[in-house]
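Colleague:
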Amino acid sequence: MRGWIVPGLIVVLAALAVFNFAVLIAADFHPSVFAISLVCMLTVFVAAVSVAFARDETSRADDFEREVSSYRHMLDEHFLVSKIDASGRFCEANQNLLNRTGYSSDEFARRVVDGAGSGLCNLEQLSDMWATVRLGKTWSGEYCDQGKDGQPLWVKAIFVPWRNARGELECLSTIGVDVTEQRSAEQELKRAHARLEAFIKHVPAAVAMFDTEMRYVAHTDHWLHDYGLKEKSLVGRSHYDVFPEIPQCWKDKHSRILAGATESCEEERFQRADGSENILRWEVRPWYLPDQTVGGLIMLTEEITERKKMQDDLWKLVKLDSLTGLPNRLLFGETLRDAIGTADANGDLLAVTLIDIDNFKEINDTLGHEAGDELLKIVARRLEDMLGSTANIARLGGDEFAVLIGGHREVDEIEVTLARVKRFLSEPVKIAGAMRFCSTSFGVTVYPRDAVEPGDLLKNADLALYRAKSVGRGHIGQFTPDLRAAINRRVEMQEDALEALQRGEFVLFFQPIIPADPSDPPSFEALLRWQHPVHGLLTPGFFEEVLEEPRVAAAIGVRVIDLALEQVAAWQAEGVAFGRVAVNVTSADFAFRCFASHLKSRLDHYNVAPERICIEVTEHVFLGSGTQHVSDALQRLAELGVEIALDDFGTGYASLSHIKAYPIGRLKIDRSFVTDMEENKDSLSIVQAIVQLARSLGLSTTAEGVEKDEQAILLRSMGCASLQGFHFSRPKPAAELGPFLKKITEHGAATAA
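Each step along the sequence shown adds one to the number in UniProt numbering, with nothing skipped, and position 711 is 711.
(1) What first and last residue would you give for the alpha helix (DSSP H) that runs through Ser700?
(2) Jot down the residue ranges of each uninterrupted beta strand (DSSP E) in the UniProt domain "PAC" (264-316), minimum 3 residues, whole runs only, in chain order.
(3) Tell me the DSSP secondary structure of Leu375 in three-state form.
(4) For Pro733, does the three-state DSSP call read helix, strand or coil?
(5) Less than 8 Å between the beta carbons of Ser631 and Ala582, yes or no?
(6) Terminal residues of the continuous beta strand (DSSP E) containing Phe401?
(7) Is it a yes or a no for the stretch 544-560 touching the stretch 573-588, going by three-plus beta-carbon pairs under 8 Å?
(8) Please name the residue in Ile355, Leu189 and Val429 whose C-alpha comes closest to that of Glu400.
(9) Looking at the strands, I want to know which residues DSSP matches up with Asn96.
(10) Go through its chain and collect everything with a Cβ distance to Val416's Cβ below 8 Å, but skip five positions before and after it.
(11) Per DSSP, what kind of secondary structure is Cys249 in: helix, strand or coil?
(12) Going by beta carbon distance, what residues of the same chain come within less than 7 Å of Gly333, once the five residues before and after it are set aside?
(13) Are three or more beta carbon pairs between the stretch 411-429 and the stretch 305-315 nearer than 8 Å?
(14) Are at least three pairs of beta-carbons, each pair with one atom in the stretch 499-519 and one in the stretch 728-737, less than 8 Å apart?
(15) Buried or exposed for Arg593, please, with buried defined as at least 16 other CB atoms from any protein chain shown within 10 angstroms of its CB.
(16) Here's the rule: buried if 16 or more other CB atoms are within 10 angstroms of the residue's CB, otherwise exposed. What is Gly557?
(17) So who's on the other strand from Lys469, going by DSSP bridges?
(18) Is Tyr103 helix, strand or coil when you go by DSSP?
(19) Pick helix, strand or coil for Met677, following the three-state DSSP scheme.
(20) In terms of residues, what are the limits of the beta strand (DSSP E) holding Thr445?
(21) Quick check on the burial criterion: 16 or more other C-beta atoms within 10 angstroms. Buried or exposed for Asp178?
(22) Can you tell me whether DSSP reads residue 756 as helix, strand or coil?
(23) Going along the chain, which unbroken runs of the alpha helix (DSSP H) with 4 or more residues stay wholly within the stretch 503-583?
(24) Could I get the ranges of all uninterrupted beta strand (DSSP E) runs contained in the stretch 332-376, with 3 residues as the minimum, in chain order?
(25) Give the single residue among Arg100, Arg436 and Ile279 whose Cα lies nearest to the Cα of Met310.
(26) Can you give me the Cβ contacts of Tyr98 inside the same chain, cut-off strictly under 8 Å, excluding the 5 residues immediately before and after it?
(27) Nearest-angstrom Cα distance between Pro448 and Leu349?
(28) Can you check which of these residues, Ser523, Glu548, Ala570 and His629, is closest to residue 766 by C-alpha distance?
(29) Compare the C-alpha of Gln711 against each of His727, Leu463, Ile431 and Val507 and name the closest.
(30) Just mark Val674 as buried or exposed, buried being the case when its beta carbon has 16 or more other beta carbons within 10 Å.
(31) For Ala206 and Ala218, what's the separation of their Cα atoms in angstroms?
(32) Need the endpoints of the beta strand (DSSP E) that Met209 sits in, please.
(33) In terms of residue numbering, what span does the beta strand (DSSP E) encompassing Ala391 cover?
(34) In terms of alpha-carbon separation, which member of Arg484, Val691, Gln292 and Arg730 lies closest to Cys720?
(35) Hey, Lys681 and Leu646 are a contact pair by Cβ (cut 8 Å); roughly how many whole angstroms apart?
(36) Which one of Gln724, His605, Asn584 and Gly260 has the shortest CA to CA distance from Cys614?
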C-alpha cells in the first residue's frame, strides 16, 4: 500500500491542477486555444497516470517515469514556461522559451521583469499583473517580450503566484504559448484595413459597395460628390432610401446582379440630388464571400459630364461648320455615302446639289467679312427652314453649300423642289443695315443616272455649278455629258500655268505673323500670286483648278520654295530681324516622294538654316494612299529643324488624330473662328479650346484673320503665341515691306499694330 502513496498524491495533485486551470479558464469570457489545450493536455496526463497505476507494480515506477518524461517533453515543446522571484527577476525558463528569445540560461536569469533592459513591453499590463498576483490571484493575458535579436515575442500566458507559510509572495510560475504570428496577422489585417479605408476614401472614382439588402457597406467620397449628396457617410443606409426615385427597372437590374450577372453602360444621364444633370459611365457586378456566395454588389460609376461635353465640342469642331452649325465637308461625305445606300434600298433618285452665293467676294470686299458671315448664316437658316428634315444640308467651305435631296422617283420632282429652294433663297436679306438681294447658283447631278461613286457625283455637281455661273449666275445648272468639255478648258488653263512658270509670272507676297512676345521678331507667311498678263494679279482662289492637277501644282510648289528661300537669304544678308518664313505645301508637293530631300538641297543651296522655315499643311495632305510618304517627309523635316504647322485647324477634315500621328509643332486657328469670337460664345470657346489643347500638347498657336485690336488683345490674353491678319498688315511684295521691317527693327514687334 505504501507504494501507492506518492503516485496517488501525484494523481490527486494533477486532478486538482486540472480543476484549477479549468476554473481559471471558465472565468475567462473568451477561452483561448491555449487554455483549452492546457486543460486537455493535463486531463490526458491524469488519465495516463491513472493507467500507469493500474499496471503491474514492478514496472509501474519505470512506466510512470517515462510517461512523466513524455508529457514534460510535450509541455516543453509546446509551451513557454518560466519562474520569476518576488523581486521580478527571472529564475528559470524552459528550453522552448530560451529558444524563442535567443538567450542562454544565465542571460535569461539576469533579466528583471520591470527592468529597463528586460525587453518586456506593455507596462500597463505588467502593472496590472503585479497588482493581481500580490493579491494571491492568478493573472492571465498577453504580454510582449523582446528576443535577444530585438524581435518582438507575443505570449498568451498565465501567471500563478506562490506564497510561503507567512502568506508572502515567494515567486511566480508562468506558462504560455507563442501568439506572435497571430498578433502579426492581426496587425497586418489592421494595416490592410487602414489601407483599404484610405483607398476607398481617396480613390478618384465613385464606388459604392452594398450588401444583399442594398444597404451601403462602403463608398468613396466621389460617390457623395458625383451624386450631389451632403451626407458624410451612407454606411448602413438603404440605397433605395437614399434614392427613392430609383425606378423598378433598376431594382430589377440589382436583382439580376445579385443573382450573379454583371451590367454596364457607357453613357447614361442622371438627375443629381440638387436637380442638376450629369452623365455617367457605370458598371455593376456582384462581390463574393469566402464561401463563394454573393455578398452584395459593387457599383463603379464615373462622371463623364465634362469629358462628354469636350467630346461633343470636339465632334462639332471636327464635323460641323463653326459659323453656320451645318455639317462640314467631312460629315457631308459620310452622309452622302449613307444616302446612296438609302436610295438603293428604296429605288429612289438622289440629287446631289452644290449651291454657291453669287458675288460673295464682292460682299466681303465692300461690306466686310462680318457682313459676308451674316449672309452665310442667313442662307444656312433658309435652307434648313425650307428643306427641314427632308434633305441633308452642309457647308463645304467658303460660300459653297451642298444639299442632298432624296425620296423622288422622277427628275421633274427634283427640279420643282430645287426651283422652290432657289426662289426662297432669292428673297431680299438685311445685311449691314440695308436690304439686299441674294443671288445663288446651283449645280445638280442625279444618282444613279449620272454617276454612282460619291467622288464622281461631287465632280459632276461641280461641273454643273460651273455651267450655271458661266451663263450669268443665278441659274440652276444640270449635269450633262457635254460638261466634260469644261475639263478640256481646265487643261488649257493648267498648260497656261506651266507657261507662266517659264515666264516668271508666279510671285510671292508676304504677310507678317506677329509674336505675342514683343521681344521676338516677326515671322512671315509666303502667299502665292499669279501676275497674269491679261487678268492682272490673281490670288489662288482664281486658279484653284490649276492647283488641282498634281503635276502643275508640284511644279508651282518647286518655284514657291525657291522664291521663299531666295527672299530669306536676302533678308539674312540685309540683317533683317525675322523669325521664320512659312510656306504652304499641298498634297501635290508630297506626291513625288522627294519633297524632303528637295527642300534640304535648296536650304543648302541658299545657305538657309532649317529653323528659318515653317511648312504649312492642311489636313488634306493626310488623306489618300500616300499618307505614309507624307508622314516620312514631315518627320524628316521636323528632325532637320523645320517647323510643321497645321493650317485651317478646326475646319474641313480636321482631326485630332493627325496631331498625334504627325510631328506638328504649330496649330493655325482658322479665321472663321476669330472673326466673330467677340460676339459668338461658341467661336470664343472653340478658340480657347484650341489654344488650351495646343498648350497641353506643347504646341504653338497662330490665330489668322485678326482684323481688330480688340481681337488681338483677347487672343494674347488667351495665350495665343502669334497673330496674323489685316490688323497688322496685308500681304505685300517683299519690296513693299521696307517701312514695316524698319519699324520692327527699330522698335520691336510690339509696335506692329
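We put the beta carbon where it would ideally sit given N, CA and C, even for glycine. A quick note: this is a predicted structure, and the numbers were derived from the prediction, not measured.
Modeller: Considering the structure as presented:
(1) Segment Ser700 to Ala703 is the beta strand (DSSP E) holding Ser700; no alpha helix (DSSP H) there.
(2) 277-288 and 294-303
(3) Three-state DSSP puts Leu375 in a helix.
(4) coil
(5) no
(6) Glu400 to His408
(7) yes
(8) Ile355
(9) Note: Asn96 sits in no beta bridge, so no partner.
(10) none
(11) helix
(12) Pro454
(13) no
(14) Enough Cβ pairs lie closer than 8 Å, so yes.
(15) Residue burial is scored here from C-beta neighbours: Arg593 has fewer than 16 other C-beta atoms within 10 angstroms and is therefore classed as exposed.
(16) Per the 10 Å Cβ criterion, buried.
(17) BP columns for Lys469 are empty, so no partner.
(18) It is coil, neither helix nor strand.
(19) coil
(20) Thr440 to Tyr447
(21) buried
(22) An answer regarding residue 756 cannot be provided, because it is not within the stretch 1 to 753 covered by the chain.
(23) 544-547 and 550-574, all fully within the stretch 503-583.
(24) 349-357
(25) Ile279
(26) With the sequence shown as reference, residue 98 is identified as Leu, and Tyr is not the correct amino acid for it. Within the same chain, Leu98 has close Cβ partners Ser104, Ser105 and Phe108.
(27) 7 Å
(28) Within the shown structure, residues of the chain are numbered from 1 to 753, placing residue 766 beyond reach of any answer.
(29) Taking the Cα of Gln711 as reference, the smallest distance to any Cα among His727, Leu463, Ile431 and Val507 is reached at His727.
(30) Of the residues assessed, Val674 falls on the buried side of the cut-off, its CB having 16 or more other CB atoms within 10 angstroms.
(31) 11 Å
(32) Ala206 to Asp211
(33) Element bounds for Ala391: Ala391 to Gly397.
(34) Val691
(35) Contact flag wrong, Cβ pair sits at about 25 Å.
(36) Cα-wise, what sits closest to Cys614 is Asn584.
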